[in-house]
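Asker: Okay, handing you the structure first.
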Amino acid sequence: MYYPHDFHMVRGELHCERVPVGRIADAVGTPVYVYSCKTLLDHLRKLQTAFRTLRPLICFSVKANGNLAILRLLVRHGAGLDIVSGGELYKALRVGCPASRIVFASVGKTPAEILAAVRAGIFCFNVESAPELEAIEAIARRMRTRVRVALRINPDVEAHTHRYIRTGVAESKFGIDPRTALDLLRHHEAFPSVRLIGLHLHIGSQISQAEPFIQAITRVAQLLKQARPFGAPLEWLNLGGGLGIIYRDERPQTPQAFARAVLPLLVPLRVRLILEPGRFIVGNAGVLLTEVLYVKRSRGKQFAVVDAGMNDLLRPALYGAYHEVIPTDAGRPSVNGARYDVVGPVCESADVLARGRRLGSVRSGQRLAVLGAGAYGSTMASNYNGRLRPAEVLVRGSRWALIRRRDTMQDLIRHDVVPKALLS
Ligand code: LLP
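In our numbering, the protein residues as written are 992 to 1415.
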């Protein structure tokens, strides 16, 4: 199978770029996330190239991977950042992302978060409701400034993806329905501290075909046409993220194919384009390395009990997501032989990273790589079961560096307070 990434078997050993991943595991232990610089930048470049005729602003979605080193790398290579909280704003500013390349979505921005973003002078708020628009207007007015806003439209299209990660259907909490949006645009002068510069869409994640995007663009195109006479300066269209990647046997569109499908719809709209890719950039750029602790046989079933669990990589437990698992030192997994459930140590039946996989003959001490773990892996990790969140490592060519140290025991208790007076 073809994977558009830089993790390869070389002489029976899994390498990230030119570094054997075993060497990283020897040095920092497991579980550890390992990312490839080259894959990250290749994916960013593919999008930049595919859409270059529209000179898009590509804002990497921080929620997919918020590691400062990764954010800085992408920002250095021209990316902006898509944020959804004050915490992500803080990170974006810490890595030196120009405020002019920060866009802020979220259905529940707090007054403090809005204030911080107004102060920072971010490029645009993606507004998800009429009351939120009023809140932003009030804060901007108090600050005697004017802020740029795009209305996030809920186009009511089916993105054909997991129901937990589709966001553009009518019953979803995201975005503003077109009729309300049209009303707001009609009355844009009621918001003098806000410049309504465009429309925003994000219809879901892990979408492999252009069709849902085409439907959504068609709906916003209609809205733009109806709203233009009202005089708001609708110069930008933000298509959100959502481009799917290969986890198993998906055949997602390439960025070129995606661009070819949507550019003809976008060009006549005379808008500048924003994209907010997360998974497409970082998903296949990271793996989670884990070590087999025990091989357990029970009633004819075989389990590989590993040292990574659902607290480290939640996607299989939360979405039933499929991640390829391969031994790091044994060439290709055998096509026949025993099947294993790869399970973590967490006390939950859902703590299964992979089911029924042929992994050759698994032994304790063997390392496995969980592929496609770069997006929504480390950002969704937790300390559940008193577990230390994993280390993270970035590889560039034949060099590598730690970009997040493993949690320590001290990290586990850092924020707990024991009020002695109350407990005596
Ligand atoms: N823009 C907005 C407003 C979003 O809500 C999201 C993701 C993105 C951009 C980036 O989407 P992407 O290009 O990564 O598909 N935890 C789930 C995915 C949740 C996606 C949430 N929103 C998973 O692991 O599959």
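Even for Gly, the Cβ is constructed at its ideal location relative to N, Cα and C.
Out of Asp1168, Arg1157, Ala1121, state which residue places its alpha-carbon closest to the alpha-carbon of Ile1144.
Answerer: Walking along the sequence shown from the start, residue 1144 turns up at place 153. Comparing Cα-Cα distances from Ile1144 to each of Asp1168, Arg1157, Ala1121, the minimum goes to Asp1168.
Asker: Where Ile1015 and Thr1399 are concerned, what is the direct C-alpha to C-alpha distance, given to the nearest angstrom?
Answerer: For the purposes of this step, residue 1015 is identified with residue 24 of the sequence shown, where counting begins at 1. For the purposes of this step, residue 1399 is identified with residue 408 of the sequence shown, where counting begins at 1. Computed Cα separation, rounded: 19 Å.
Asker: If we ignore side chains and look at the alpha-carbon of each, how far apart do Gly1300 and Pro1381 end up?
Answerer: What you label residue 1300 is simply residue 309 of the sequence shown in a count that begins at 1. What you label residue 1381 is simply residue 390 of the sequence shown in a count that begins at 1. The straight-line gap from Cα to Cα measures roughly 10 Å.
Asker: Which residue's Cα is closest to the Cα of Ile1205: Leu1256, His1193, His1006?
Answerer: On the sequence shown, position 214 is the one that residue 1205 refers to. Cα-wise, what sits closest to Ile1205 is Leu1256.
Asker: Per the contact definition of three or more C-beta pairs closer than 8 Å, is the segment 1362-1373 in contact with the segment 1288-1306?
Answerer: yes
Asker: Using C-beta distances below 8 Å, list every residue in its chain close to Glu1079, excluding the 5 sequence neighbours before and after it, in chain order.
Answerer: The residue labelled residue 1079 in the question sits at position 88 within the sequence shown. Contacts found: Val1053, Lys1054, Gly1057, Leu1072.
Asker: Where does His1006 fall in DSSP's three states?
Answerer: Translated into the one-based positions of the sequence shown, residue 1006 becomes position 15. Three-state result, His1006: strand.
Asker: Shortest alpha-carbon distance to Arg1261 belongs to which of Val1286, Lys1216, Thr1245, Tyr1238?
Answerer: Start at 1 with the first residue of the sequence shown, and residue 1261 comes out as number 270. Cα-wise, what sits closest to Arg1261 is Lys1216.
Asker: Measuring straight from C-alpha to C-alpha, what distance separates Arg1210 and Pro1203?
Answerer: Within the sequence shown, the letter at position 219 stands for residue 1210. Within the sequence shown, the letter at position 212 stands for residue 1203. Taking the straight line from one Cα to the other gives about 11 Å.
Asker: With distances taken Cα to Cα, identify the nearest neighbour of Arg1348 among Glu1315, Arg1378, Thr1030, Leu1362.
Answerer: Numbered from its first residue, the sequence shown carries residue 1348 at position 357. Answer by Cα proximity: Glu1315.
Asker: Say the cut is 6 Å; is the CB of Ser1052 nearer than that to a heavy atom of ligand 1?
Answerer: Translated into the one-based positions of the sequence shown, residue 1052 becomes position 61. It does: the Cβ of Ser1052 is within 6 Å (strictly closer) of some heavy atom of ligand 1.
Asker: What are the partner residues of Lys1287, as DSSP defines its beta bridges?
Answerer: Numbered from 1 along the sequence shown, position 296 holds the residue referred to as residue 1287. DSSP, once it has assigned bridges, lists Phe1294 as partnering Lys1287.
Asker: What is the DSSP secondary structure of His1406, reduced to helix, strand or coil?
Answerer: To locate residue 1406, count along the sequence shown from 1; it is residue 415. In this structure, His1406 counts as coil in the three-state DSSP scheme.
Asker: Per the DSSP calculation, Thr1281 is bridged to which residue(s)?
Answerer: Here residue 1281 is taken as the residue at index 290 of the sequence shown, counted from 1. Its beta-bridge partners are Leu1359.
Asker: Okay, do the segment 1166-1185 and the segment 1126-1134 touch, 3+ Cβ pairs below 8 Å being the bar?
Answerer: yes
Asker: Thinking just about the alpha-carbon of each residue, which of Val1297, Phe1042, Ile1404, Val1343 is nearest to the one in Leu1359?
Answerer: Position 368 of the sequence shown, counted from the start, is the residue given in the question as residue 1359. Of all alpha-carbon atoms in Val1297, Phe1042, Ile1404, Val1343, the one lying nearest the alpha-carbon of Leu1359 is that of Val1297.
Asker: Tell me the rounded alpha-carbon separation between Met1000 and Pro1089.
Answerer: Position 9 of the sequence shown, counted from the start, is the residue given in the question as residue 1000. Position 98 of the sequence shown, counted from the start, is the residue given in the question as residue 1089. If you take the alpha carbons of Met1000 and Pro1089, they lie about 39 Å apart.
Asker: Please name the residue, chosen from Leu1344, Leu1005, Val1012, that lies closest to Trp1391 on a Cα-to-Cα basis.
Answerer: Along the sequence shown, one-based indexing puts residue 1391 at 400. Among Leu1344, Leu1005, Val1012, the Cα nearest to that of Trp1391 belongs to Val1012.
Asker: Where does His1178 land, buried or exposed, given buried means 16+ other C-beta within 10 angstroms?
Answerer: Along the sequence shown, read from residue 1 onward, the residue named residue 1178 stands at position 187. Classification of His1178: exposed, given that the 10 Å Cβ count is below 16.
Asker: Would you kindly work out how many angstroms separate the C-alpha atoms of His1406 and Ile1237, rounded to a whole number?
Answerer: Counting from 1 along the sequence shown, the entry for residue 1406 is found at position 415. Counting from 1 along the sequence shown, the entry for residue 1237 is found at position 246. Spanning the two alpha carbons is a distance of roughly 39 Å.
Asker: Nearest to Gly1020 by CA position, among Arg1395, Asp1033, Glu1125, is which residue?
Answerer: The residue labelled residue 1020 in the question sits at position 29 within the sequence shown. When only C-alpha atoms are compared, the closest one is Arg1395.
Asker: Give me, in chain order, the residues of the same chain whose beta-carbon lies closer than 8 Å to that of Leu1403; leave out the 5 immediate sequence neighbours on both sides.
Answerer: To locate residue 1403, count along the sequence shown from 1; it is residue 412. For Leu1403, where only same-chain residues beyond five positions count, the Cβ hits under 8 Å are Asn1374, Gly1377, Leu1379.
Asker: List the endpoints of the continuous alpha helix (DSSP H) containing Cys1028.
Answerer: Position 37 of the sequence shown, counting from 1, holds the residue named residue 1028. Secondary structure note for Cys1028: its alpha helix (DSSP H) is the uninterrupted segment 1028-1041.
Asker: Should Ser1120 go down as buried or exposed, given a rule of 16 or more other Cβ atoms within 10 Å for buried?
Answerer: Position 129 of the sequence shown, counting from 1, holds the residue named residue 1120. By the neighbour-count rule (16 or more Cβ atoms within 10 Å), Ser1120 is buried.
Asker: Can you find the residues in the same chain that come closer than 6 Å, C-beta to C-beta, to Glu1339, ignoring five residues on each side of it along the sequence?
Answerer: Residue 1339 sits at position 348 when you count from the first residue of the sequence shown. Contacts found: none.
Asker: Is Ala1055 near ligand 1, going by C-beta to nearest heavy atom under 6 Å?
Answerer: Indexing the sequence shown from 1 puts residue 1055 at position 64. Ala1055 Cβ: within cutoff of ligand 1.
Asker: Let's test the definition: count the other Cβ atoms within 10 Å of the Cβ of Leu1048 and tell me whether it reaches 16, buried, or not, exposed.
Answerer: Looking up residue 1048 in the sequence shown gives position 57. With 16 or more Cβ atoms within 10 Å of its Cβ, Leu1048 is classed as buried.
Asker: Taking 6 Å as the cut-off, is the CB of Ala1454 close to at least one heavy atom of ligand 1?
Answerer: Since the first residue of the chain shown is 992 and the last is 1415, residue 1454 is not available in this structure.
Asker: Is it buried or exposed for Glu1123, if we count other Cβ within 10 angstroms and need 16 for buried?
Answerer: Start at 1 with the first residue of the sequence shown, and residue 1123 comes out as number 132. The residue in question, Glu1123, is buried, as its Cβ has 16 or more Cβ neighbours within 10 Å.
Asker: Assign Glu1104 to one of three DSSP states: helix, strand, or coil.
Answerer: Counting from 1 along the sequence shown, the entry for residue 1104 is found at position 113. Looking at Glu1104 - three-state DSSP - the assignment turns out to be helix.
Asker: Give me whichever residues DSSP pairs with Cys1050 in a beta bridge.
Answerer: Indexing the sequence shown from 1 puts residue 1050 at position 59. Paired residues: Gly1071.
Asker: Roughly how many angstroms lie between the CA atoms of Ile1208 and His996, to the nearest whole one?
Answerer: Mapped onto the sequence shown, residue 1208 falls at position 217. Mapped onto the sequence shown, residue 996 falls at position 5. Their backbone Cα atoms lie some 30 Å apart in a straight line.
Asker: Give the C-beta separation of Ala1212 and Gly1277 to the nearest angstrom, bearing in mind that I take them to be a contact with Cβ-Cβ under 8 Å.
Answerer: As a first step, residue 1212 must be located in the sequence shown, where it is residue number 221. As a first step, residue 1277 must be located in the sequence shown, where it is residue number 286. Incorrect: roughly 36 Å between the Cβ atoms, too far for contact.
Asker: So, Gly1235 versus Gln1197, is the Cβ gap smaller than 7 Å?
Answerer: For the purposes of this step, residue 1235 is taken as the residue at position 244 of the sequence shown. For the purposes of this step, residue 1197 is taken as the residue at position 206 of the sequence shown. Taking 7 Å as the Cβ cut-off, Gly1235 and Gln1197 qualify as a contacting pair.
Asker: What's the gap between the Cα of Glu1383 and the Cα of Gly1368?
Answerer: Within the sequence shown, the letter at position 392 stands for residue 1383. Within the sequence shown, the letter at position 377 stands for residue 1368. Glu1383 and Gly1368: Cα-Cα distance of roughly 11 Å.
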